[in-house]
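The structure appears right after this line, and notes come after that.
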């Protein structure tokens, strides 16, 4: 309560802060386990609180729309007409693609198993912004799995508990995700920088990249499933950024995708036999077959007098 007690408290807090910092740098997995355990403990309370909070957020967002209802209605009618046109084009292309796949006997992409989860909270540590889901190890959720909503990719699982898991978002400073820019198939790295639009670092390829190009995930490195929608390219001065399709602030239910790259066959695995590798008939069997079925004796050659004409078809006059 005196001046000396305040100094001792300040020194004690500083020592504890330095000790925690050193322990965190030395064994970050310990803090991950503690974080997962705390989220598992608080999961029932977070689930109950999340419902009213989301309802209030939606109500507040809709209050501003009351003053722009007419403009929004006009804009939505125009967008609906455009979408109907693109729907007809998409259905035609889908039917054509299906016929091509049937003709070529093309293999279809496998359907990945997914787990539907609910967002029960948001956290600001250890990253700038993370999501907490109500699924964990009991639901076969693992670290590194992709998380998406109905619009596009959100991020990856970072920490898993028994019934909860934490998601590192694409916008986070620690996020690095391989992506592909369509239609030129240009490879790039999507780098989060704590802004709503992450940066693009072009990697492989020489195709042009322009604003409006679509960005999807790739299966490079076995990190994420391929062809997940991510966003569209935008120009920010000399830098390229991506406007994400997904909106973490409004996501309620998400999908956790169980994706893994198939293991390559081992050198000891049996290789399917080819025509050249088929077993041959042993020589002893061939000898026994010849002895059992000998060839017929050769016909003796008959001698021919030189005066007898030969009809060999070479000399027409002589043949006649």
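In the working numbering, the protein residues as written are 311 to 630.
Glycine included, every Cβ here is placed at the ideal spot set by N, Cα and C.
In this structure, the CA atom of residue 563 is about 14 Å from the CA atom of residue 365. Among the bridge pairs identified by DSSP, residue 476 is matched with 442, 469. Counting the other Cβ atoms within 10 Å of the Cβ of residue 410 gives fewer than 16, which makes it exposed. Per DSSP, the continuous beta strand (DSSP E) segment holding residue 563 begins and ends at 563-567. DSSP places residue 388 inside the alpha helix (DSSP H), whose first and last residues are 379-414. Between the beta-carbon of residue 485 and that of residue 454 there is about 12 Å, and that puts the pair past the 8 Å contact cut. In the structure shown, residue 350 adopts helical secondary structure according to DSSP, grouped into three states. Under DSSP, the beta-bridge partners assigned to residue 553 are 542.
The three-state reading of DSSP puts residue 522 in coil, since its state is none of H, G, I, E or B. Counting only the Cα atoms, residue 523 lies some 14 Å from residue 500. In the DSSP assignment, residue 511 is bridged to 499. In the three-state reduction of the DSSP assignment, residue 488 falls in the strand class, which pools E and B.
In this structure, the beta-carbon distance from residue 488 to residue 546 does not fall below 8 Å. In the three-state scheme derived from DSSP, where H, G and I count as helix and E and B as strand, residue 431 is classed as strand.
Residue 540 and residue 526 do touch by the CB rule: their CB atoms are close to 6 Å apart, below 8 Å. For residue 417, the three-state secondary structure derived from DSSP is coil. Residue 387 counts as exposed, since fewer than 16 other beta carbons sit within 10 angstroms of its beta carbon. A contact is defined here as three or more CB-CB pairs under 8 Å, and the segment 389-400 fails this definition with respect to the segment 416-430. Note that the C-beta distance between residue 397 and residue 568 is not below 8 Å. According to DSSP, residue pairing for residue 457 in a beta bridge involves 465, 566. One alpha carbon belongs to residue 553, the other to residue 377, and they sit about 27 Å apart. Burial is judged here by how many other beta carbons sit within 10 angstroms of a residue's own beta carbon; residue 369 has fewer than 16 and is exposed.
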